[in-house]
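Asks: Pasting a structure here, questions to come.
In the working numbering, the protein residues as written are 1012 to 1406.
Quick look at the structure:
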């Protein structure tokens, strides 16, 4: 594989990761004004995205399988073009039903990125942890930019442009990607740039079972925190406007995203199991504090808890890639995102239910703290690092 192609894969995988997390936070900011647009209570407006979130995760094994069996490059082209068009369709919605259907389409094309893009990135990376960490920074920028961009476009041009303008940019990225494929800069590859020794069948099964539980809980933490933060800041930051709440969310996700570079570096240098367990063990007290904090302390606690939540991602992806054969990696990442973004997409109705029934987020964050405890405890059951075999002395 030539260096230009390796760099292009890192660049487009990283940009694609930002896009994958861009539109959901835009919607959560838009949801603050949708009650006045569609005449719905806030909780019902928030629920319009539920079908899209479920499809975002549930379609992942299928599109991951297509990437394994057909073409990762072809699927990435479909991702950029389809996501951009779907976002523009969302911006043209005239009724709640049209918006729910458009968000479902957005969820389908968005589902392509994680199983295909992460597997493509790992396959092309010499240091997978570092590459996933850099990629994670861009994933963190998606929610950060999305919240601020959504608030700015709503204020300056109306909520429709919060989807139309970024959708056009994503579609244009897809056209650039296709041009680079045609020029031979982006090429297909089916083998790892830096192969790892194959894992035993027993370790693969063990990791699969443990990660199935931890990825579900970790996904619920992420998927519940993201929709809760704009409303939490709006409620608990004195006099915060929609724009101020969106900016506070931006600050949280920018800082949290940058921390993934450090976390990815740690996952390359130390046992990723320990990085994974540590990230979730440290979240437990922070989530409990977030249940009652307000003002500036709330923002500081949110920065730390979201940073740790995102810091677990590089280690989790390194573990999954290490214990999965390369030819099945897209499918494996697809199955991961059934849990992390499909089933755990129920975090959105969970937020709406707890907020609607209690009027606050206290019990939400108490529940998320319990889930972080489960991830930390279960992570200890992952296999330890085996020492590299010592070469036999030359005769």
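Ideal placement from N, C-alpha and C gives every residue a C-beta, glycine not left out.
Bear in mind that the values here come from a model prediction, so they are computed numbers and not experimental data.
Between which two residues does the alpha helix (DSSP H) harbouring residue 1235 extend?
Replies: Mapped onto the chain shown, residue 1235 falls at position 224. That run of the alpha helix (DSSP H) goes 1212-1247.
Asks: Helix, strand or coil: how does DSSP classify residue 1261 here?
Replies: Counting from one through the chain shown, the residue named residue 1261 turns up at place 250. Looking at residue 1261 - three-state DSSP - the assignment turns out to be helix.
Asks: If you drop the 5 nearest sequence neighbours on each side, which residues of the same chain put their C-beta closer than 6 Å to that of residue 1070?
Replies: By one-based count along the chain shown, residue 1070 stands at place 59. For residue 1070, where only same-chain residues beyond five positions count, the Cβ hits under 6 Å are 1119 and 1122.
Asks: Under the three-state reduction of DSSP, which class applies to residue 1393: helix, strand or coil?
Replies: Locating residue 1393 in the chain shown gives position 382, where the first residue counts as 1. Coil, per DSSP.
Asks: What first and last residue would you give for the alpha helix (DSSP H) that runs through residue 1066?
Replies: On the chain shown, position 55 is the one that residue 1066 refers to. Looking at the DSSP string, the run of the alpha helix (DSSP H) that includes residue 1066 is 1061-1069.
Asks: From which residue to which residue does the alpha helix (DSSP H) around residue 1023 run?
Replies: Taking the chain shown and counting its residues from 1, one reaches residue 1023 at position 12. Segment 1014-1031, the alpha helix (DSSP H) holding residue 1023.
Asks: Count the other CB atoms, across all protein chains shown, that sit within 10 Å of the CB of residue 1294; report buried if there are 16 or more and exposed otherwise.
Replies: Residue 1294 sits at position 283 when you count from the first residue of the chain shown. So residue 1294 counts as buried.
Asks: For the stretch 1282-1360, list the alpha helix (DSSP H) runs that are entirely contained and at least 4 residues long, ordered along the chain.
Replies: Entirely contained in the stretch 1282-1360, the alpha helix (DSSP H) runs reaching 4 residues are, in chain order, 1283-1301, 1306-1333 and 1340-1348.
Asks: Could you have a look at residue 1138 and say whether DSSP puts it in helix, strand or coil?
Replies: The count along the chain shown starts at 1 and reaches residue 1138 at position 127. In this structure, residue 1138 counts as coil in the three-state DSSP scheme.
Asks: Assuming residue 1030 contacts residue 1237 under a Cβ cut-off of 8 Å, what Cβ separation, rounded to an integer in Å, is found between them?
Replies: Within the chain shown, the letter at position 19 stands for residue 1030. Within the chain shown, the letter at position 226 stands for residue 1237. Actually they do not touch by this definition, with Cβ atoms about 16 Å apart.
Asks: What's the C-alpha gap between residue 1157 and residue 1057?
Replies: Locating residue 1157 in the chain shown gives position 146, where the first residue counts as 1. Locating residue 1057 in the chain shown gives position 46, where the first residue counts as 1. When rounded, the distance between both Cα atoms is 16 Å.
Asks: Enumerate in chain order the residues of its own chain whose CB-to-CB distance from residue 1027 is below 6 Å, with the five nearest sequence positions on each side excluded.
Replies: In the chain shown, residue 1027 corresponds to position 16, counting from 1. Hits under 6 Å: 1124 and 1128.
Asks: Tell me whether the beta-carbon of residue 1034 lies closer than 7 Å to the beta-carbon of residue 1098.
Replies: Taking the first residue of the chain shown as 1, we reach residue 1034 at position 23. Taking the first residue of the chain shown as 1, we reach residue 1098 at position 87. Yes, Cβ-Cβ distance for residue 1034 and residue 1098 is below 7 Å.
Asks: What is the rounded straight-line gap between the Cα of residue 1193 and the Cα of residue 1314?
Replies: To locate residue 1193, count along the chain shown from 1; it is residue 182. To locate residue 1314, count along the chain shown from 1; it is residue 303. Approximately 42 Å between the Cα atoms of the pair.
Asks: Return the CA-CA distance between residue 1226 and residue 1386, expressed in angstroms with no decimal places.
Replies: Translated into positions along the chain shown, residue 1226 becomes position 215. Translated into positions along the chain shown, residue 1386 becomes position 375. In a straight line, the C-alpha of residue 1226 is about 8 Å away from that of residue 1386.
Asks: Closest to residue 1322 by CA distance: which of 1144, 1051, 1014 and 1279 is it?
Replies: By 1-based counting over the chain shown, the position of residue 1322 is 311. Comparing Cα-Cα distances from residue 1322 to each of 1144, 1051, 1014 and 1279, the minimum goes to 1144.
Asks: Just to confirm, is the Cβ distance from residue 1019 to residue 1181 under 7 Å?
Replies: Start at 1 with the first residue of the chain shown, and residue 1019 comes out as number 8. Start at 1 with the first residue of the chain shown, and residue 1181 comes out as number 170. No. Outside cutoff.
Asks: In chain order, which alpha helix (DSSP H) runs of at least 4 residues are fully inside the stretch 1075-1143?
Replies: Correct list: 1083-1102, 1107-1121 and 1129-1135.
Asks: Can you tell me where the alpha helix (DSSP H) holding residue 1054 begins and where it ends?
Replies: Position 43 of the chain shown holds residue 1054. Where residue 1054 is concerned, the enclosing alpha helix (DSSP H) stretches over 1053-1057.
Asks: Quick one: grab the DSSP three-state call for residue 1200.
Replies: In the chain shown, counting from the first residue as 1, residue 1200 sits at position 189. Coil.
Asks: Could you give the first and the last residue of the continuous alpha helix (DSSP H) run that contains residue 1180?
Replies: Locating residue 1180 in the chain shown gives position 169, where the first residue counts as 1. 1172-1193 is the extent of the alpha helix (DSSP H) around residue 1180.
Asks: Of the choices 1350, 1332, 1154 and 1392, whose alpha-carbon is the least far from that of residue 1138?
Replies: For this step, residue 1138 is matched to residue 127 along the chain shown. Of 1350, 1332, 1154 and 1392, the residue nearest in Cα terms is 1332.
Asks: Starting from residue 1047, trace the alpha helix (DSSP H) in both directions and tell me its first and last residue.
Replies: By one-based count along the chain shown, residue 1047 stands at place 36. Run containing residue 1047: 1045-1049, per the alpha helix (DSSP H) assignment.
Asks: Name the two residues that bound the continuous alpha helix (DSSP H) containing residue 1034.
Replies: Position 23 of the chain shown, counted from the first residue, corresponds to residue 1034. Element bounds for residue 1034: 1034-1041.
Asks: Between the stretch 1264-1281 and the stretch 1362-1379, are three or more C-beta pairs nearer than 8 Å?
Replies: These segments do not touch.
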